[in-house]
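Participant: Position 86 of the sequence shown, counted from 1, bears residue number 86 in the UniProt record's numbering, the numbering being contiguous throughout.
By construction, the Cβ of each residue, glycine as well, lies at the ideal position given by its N, Cα and C atoms.
In this text, all values refer to a predicted model and were calculated from it rather than measured experimentally.
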Amino acid sequence: MKHIYTLLIVTVLLTACGGEQKEKSVEDLVASNNLEALKQKREEIDAKQQTLADQLKLINDRISELDTIKKLPLVTTLTIKSEKFEHYLELQGNVQTKQNLVIYPEMAGTLTRVYVKEGQYVTKGQLLATIDDGGLSQQVAQLQIQADLAKTTFERQERLWEQKIGSEIQYLQAKSSYQAQQRAVSQLKSQLSKTTVRAPFTGVIDDVITDQGSVVAPGQSQLMRIVNLDDMYIETDVPESYISNVTANKTVKVEFPILGKSLEAKIRQAGNFINPANRTFKIEVAVPNKDKSIKPNLTAKLKINDYTNDTAILIPQSIISENADGEQYIYIIENKNADNKGNAKRVIIETGKSQGDVIEVTKGLGNTVEIIQEGARSVNDGQTVKVINGL
Numbered sequence: 001m002k003h004i005y006t007l008l009i010v011t012v013l014l015t016a017c018g019g020e021q022k023e024k025s026v027e028d029l030v031a032s033n034n035l036e037a038l039k040q041k042r043e044e045i046d047a048k049q050q051t052l053a054d055q056l057k058l059i060n061d062r063i064s065e066l067d068t069i070k071k072l073p074l075v076t077t078l079t080i081k082s083e084k085f086e087h088y089l090e091l092q093g094n095v096q097t098k099q100n101l102v103i104y105p106e107m108a109g110t111l112t113r114v115y116v117k118e119g120q121y122v123t124k125g126q127l128l129a130t131i132d133d134g135g136l137s138q139q140v141a142q143l144q145i146q147a148d149l150a151k152t153t154f155e156r157q158e159r160l161w162e163q164k165i166g167s168e169i170q171y172l173q174a175k176s177s178y179q180a181q182q183r184a185v186s187q188l189k190s191q192l193s194k195t196t197v198r199a200p201f202t203g204v205i206d207d208v209i210t211d212q213g214s215v216v217a218p219g220q221s222q223l224m225r226i227v228n229l230d231d232m233y234i235e236t237d238v239p240e241s242y243i244s245n246v247t248a249n250k251t252v253k254v255e256f257p258i259l260g261k262s263l264e265a266k267i268r269q270a271g272n273f274i275n276p277a278n279r280t281f282k283i284e285v286a287v288p289n290k291d292k293s294i295k296p297n298l299t300a301k302l303k304i305n306d307y308t309n310d311t312a313i314l315i316p317q318s319i320i321s322e323n324a325d326g327e328q329y330i331y332i333i334e335n336k337n338a339d340n341k342g343n344a345k346r347v348i349i350e351t352g353k354s355q356g357d358v359i360e361v362t363k364g365l366g367n368t369v370e371i372i373q374e375g376a377r378s379v380n381d382g383q384t385v386k387v388i389n390g391l
C-alpha cells in the first residue's frame, strides 16, 4: 500500500513540474528573442484557435437548427389597406365682435344721470345717460322764440310781396332773417343733443365705468362699455402656404376648451393681404351664439380640412426610419409560412401629410401589405423573423 501512495505522489509532482516546465518554456521562448521559434509557436497557437473556432461554429449551427424560435427576432405586424384620410390644419384664435364699444361723452360737464346698470339689455338709440347742458337748453328756447318771430315776419312780408305791396328788398331781408334764425336754432339743438348719451347699437351694458355726478370730458372720460354678443366671430392668422386651401365658406371645427363646447362654423372672410412680418393672412370664422355663452377674447381651437384623400395608405409614424441618404424606409414581411416565420424586407417610401400618430404614404407601398410594427427598429434587411400577432 505504501508503494501505491508513493507512486501517486511522484506522479502528481511530475505532472505539476511538467506544467511549470511548459509555462517556463514559453516564457523562456519569449525571453530568448528567437524569431524563428516565436513564429513557430504562434503558428501552433493559431492552428489550435482555428480548430476551436471551427468546432464552435459547428456547435452554434446545430443549436440554431434545434432552437430557432428562441433566437428569431419577435415582431408584430400590421396589414395596411387604403382608407379615407382627412388632414386638418390646427390653429388657435380669439373670439371677437365688431360691436364691442366703450362710450365716451361728446360734451364736457357733470354726468347728471345714468339710466342703465351693468348687465342691462338696451336697444339702439335708447337713452343711457345725460350730461348737464350748462344752460344750453335755455339758449335754445330763446333762439326758438326769435326764430318763430322771424317766421311770422317772413310769412307776412311774403303775402304782401305776392300782392305787389312793399319792396323786394324788404321781402328778401325777412326771408334771410328767418333762414338765419332757423340755422342758429338747428345748430344749438345739435349741441344740446350731445348732452344725452344714447346706445349706438342693440346690446348689453357690460360695465358702467363712470359714476353719476362725475365731471366728464370728450375723448377722455369712459362712460360705459356696450357689447353685442349676437354677431361673434373668431379671428386668427393662417400661414401663407395654405392660401389656396383655406378659403371663404369652408367648414371649420371649433372647440372652446374652457367651455367644453364644440361646434361647426364657416369661414366668412379670408384676407387678401399677406403680412410681410410673419407671412400670414387673417381669416374670420362666424360663430353662432344663441345661448350667449361665448364671450369676446375667449380662446378657441380651429380645425380646418385642407386636404382629403379617399384612398390613402396610412402607417404609424413611429415605425419609419431614415438612412444616411435621407431616405425614409420601413420593413415589410415576405414569404411568411404557416409557422408565422418570414423575411423582413426594407422598403424605401415617400410620405405626405401627417395627422396625429399616422402619416400618409404617397409612394413605395401598395394595398394589403403586411408591415412590421413593433420590433421594426431591431431587424435587418433579409432577416428571418417570427410574427407574434395575437400570441
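Express the C-alpha separation of Pro-257 and Leu-89 in angstroms, rounding to a whole number.
Facilitator: Counted from its first residue, the sequence shown places residue 89 at position 89. Counted from its first residue, the sequence shown places residue 257 at position 257. Approximately 17 angstroms between the Cα atoms of the pair.
Participant: Kindly identify the DSSP beta-bridge partner or partners of Glu-158.
Facilitator: For this step, residue 158 is matched to residue 158 along the sequence shown. According to DSSP, Glu-158 bridges with nothing at all.
Participant: Buried or exposed: Asn-228, going by 16 or more other Cβ atoms within 10 Å of its Cβ?
Facilitator: Position 228 of the sequence shown, counted from the first residue, corresponds to residue 228. Classification for Asn-228: buried.
Participant: The alpha helix (DSSP H) that contains Ile-169, what's its start and end?
Facilitator: Numbered from its first residue, the sequence shown carries residue 169 at position 169. It spans 168-193 - the alpha helix (DSSP H) in which Ile-169 sits, taken as one unbroken run.
Participant: Can you name, in chain order, every residue of its own chain whose Cβ lies under 6 angstroms from the Cβ of Asn-289, other than the five neighbours on each side?
Facilitator: Counting from one through the sequence shown, the residue named residue 289 turns up at place 289. Around Asn-289: Leu-229, Met-232.
Participant: State buried or exposed for Ile-388, treating a residue as buried only when at least 16 other CB atoms are found within 10 Å of its CB.
Facilitator: Along the sequence shown, read from residue 1 onward, the residue named residue 388 stands at position 388. It is exposed - the Cβ of Ile-388 has fewer than 16 other Cβ atoms within 10 Å.
Participant: Jot down the residue ranges of each uninterrupted beta strand (DSSP E) in the region 238-290, minimum 3 residues, whole runs only, in chain order.
Facilitator: With a minimum length of 3 residues, the continuous beta strand (DSSP E) runs that stay inside the region 238-290 are 251-256, 261-270, 280-287.
Participant: For a quick check, are the C-beta atoms of Pro-105 and Pro-218 less than 8 angstroms apart?
Facilitator: By 1-based counting over the sequence shown, the position of residue 105 is 105. By 1-based counting over the sequence shown, the position of residue 218 is 218. In this structure, Pro-218 lies closer than 8 angstroms to Pro-105 by Cβ.
Participant: Quick check: the region 46-64 against the region 309-322, are there 3 or more CB pairs under 8 angstroms?
Facilitator: Too few Cβ pairs lie closer than 8 angstroms, so no.
Participant: Which of the three DSSP states is assigned to Gln-163 in this structure?
Facilitator: In the sequence shown, residue 163 corresponds to position 163, counting from 1. In the structure shown, Gln-163 sits in coil (DSSP, three-state: anything other than H, G, I, E or B).
Participant: Which residues share a DSSP beta bridge with Asn-305?
Facilitator: As a first step, residue 305 must be located in the sequence shown, where it is residue number 305. Note: Asn-305 sits in a beta bridge opposite Tyr-88.
Participant: Tell me which residue opens and which closes the alpha helix (DSSP H) that Asp-28 is part of.
Facilitator: Here residue 28 refers to the residue found at position 28 of the sequence shown. Where Asp-28 is concerned, the enclosing alpha helix (DSSP H) stretches over 2-32.
Participant: Near Val-26, what residues of its chain come up, given a Cβ to Cβ distance below 8 angstroms and the 5 sequence neighbours on each side ignored?
Facilitator: Looking up residue 26 in the sequence shown gives position 26. Lys-41, listed in sequence order.
Participant: By the three-class DSSP mapping on this structure, what secondary structure does Gln-355 have?
Facilitator: If you number the sequence shown from 1, residue 355 lands on position 355. Three-state result, Gln-355: strand.
Participant: In chain order, what residues of the same chain have a beta carbon less than 6 angstroms from the beta carbon of residue 407, not counting five sequence neighbours either side?
Facilitator: Because the chain in this structure spans residues 1 to 391, residue 407 falls outside the shown range and cannot be described.
Participant: Count the other CB atoms within 10 Å of the CB of Gly-260; is the residue buried (16 or more) or exposed (fewer)?
Facilitator: Along the sequence shown, one-based indexing puts residue 260 at 260. By the neighbour-count rule (16 or more Cβ atoms within 10 Å), Gly-260 is not buried but exposed.
Participant: Excluding the five sequence neighbours on either side, which residues of its own chain have a C-beta within less than 6 angstroms of the C-beta of Thr-308, listed in chain order?
Facilitator: As a position in the sequence shown, residue 308 is number 308, starting the count at 1. Here the set comprises Glu-86.
Participant: I think Lys-189 touches Val-252, with their Cβ atoms under 8 angstroms apart; what is that distance to the nearest whole Å?
Facilitator: By 1-based counting over the sequence shown, the position of residue 189 is 189. By 1-based counting over the sequence shown, the position of residue 252 is 252. Not a contact, Cβ separation roughly 49 angstroms.
Participant: Three Cβ pairs or more, each shorter than 8 angstroms: is that satisfied between the region 128-146 and the region 158-176?
Facilitator: Not touching, per the Cβ criterion.
Participant: Nearest-angstrom Cα distance between Ile-209 and Thr-112?
Facilitator: Against the sequence shown, residue 209 aligns to sequence position 209. Against the sequence shown, residue 112 aligns to sequence position 112. Cα-Cα distance, rounded: 15 angstroms.
Participant: What whole-angstrom Cβ distance do residue 393 and Ala-248 have, given they're in contact under 8 angstroms?
Facilitator: In this structure the chain extends from 1 to 391, so residue 393 is not present and cannot be described.
Participant: List the endpoints of the continuous beta strand (DSSP E) containing Val-385.
Facilitator: For this step, residue 385 is matched to residue 385 along the sequence shown. 384-387 is the span of the beta strand (DSSP E), which, as asked, contains Val-385.
Participant: State the Cα-Cα distance for the pair Glu-23 and Leu-66, rounded to the nearest angstrom.
Facilitator: Translated into the one-based positions of the sequence shown, residue 23 becomes position 23. Translated into the one-based positions of the sequence shown, residue 66 becomes position 66. Residue placement at Glu-23 is poorly supported in this model, since its pLDDT is 47, which falls under 50; the coordinates still yield a value, given next. If I take the Cα positions, the gap works out to 40 angstroms.
Participant: CA-CA distance, Glu-240 and Arg-346?
Facilitator: Position 240 of the sequence shown, counted from the first residue, corresponds to residue 240. Position 346 of the sequence shown, counted from the first residue, corresponds to residue 346. About 37 angstroms.
Participant: Measuring only the C-alpha atoms, how far is Gln-220 from Ala-108?
Facilitator: As a working note, residue 220 is residue 220 in the sequence shown. As a working note, residue 108 is residue 108 in the sequence shown. So the two alpha carbons sit approximately 10 angstroms from each other.
Participant: Measure the beta-carbon distance from Val-238 to Thr-280 and round it to whole angstroms, keeping in mind my assumption that it falls under 8 angstroms.
Facilitator: Indexing the sequence shown from 1 puts residue 238 at position 238. Indexing the sequence shown from 1 puts residue 280 at position 280. Confirmed, Cβ separation roughly 6 angstroms.
Participant: What did DSSP end up calling Leu-72 once you bin it into helix, strand or coil?
Facilitator: The residue you call residue 72 lines up with position 72 of the sequence shown. Three-state result, Leu-72: coil.
Participant: Given Asn-33, which residues of its chain have a CB within under 7 angstroms of its CB, disregarding the five upstream and five downstream residues?
Facilitator: Position 33 of the sequence shown, counted from the start, is the residue given in the question as residue 33. So the list is empty, once near-sequence residues are dropped.
Participant: Give the DSSP-derived three-state secondary structure of Ala-344 in the structure shown.
Facilitator: Numbered from its first residue, the sequence shown carries residue 344 at position 344. In this structure, Ala-344 counts as strand in the three-state DSSP scheme.
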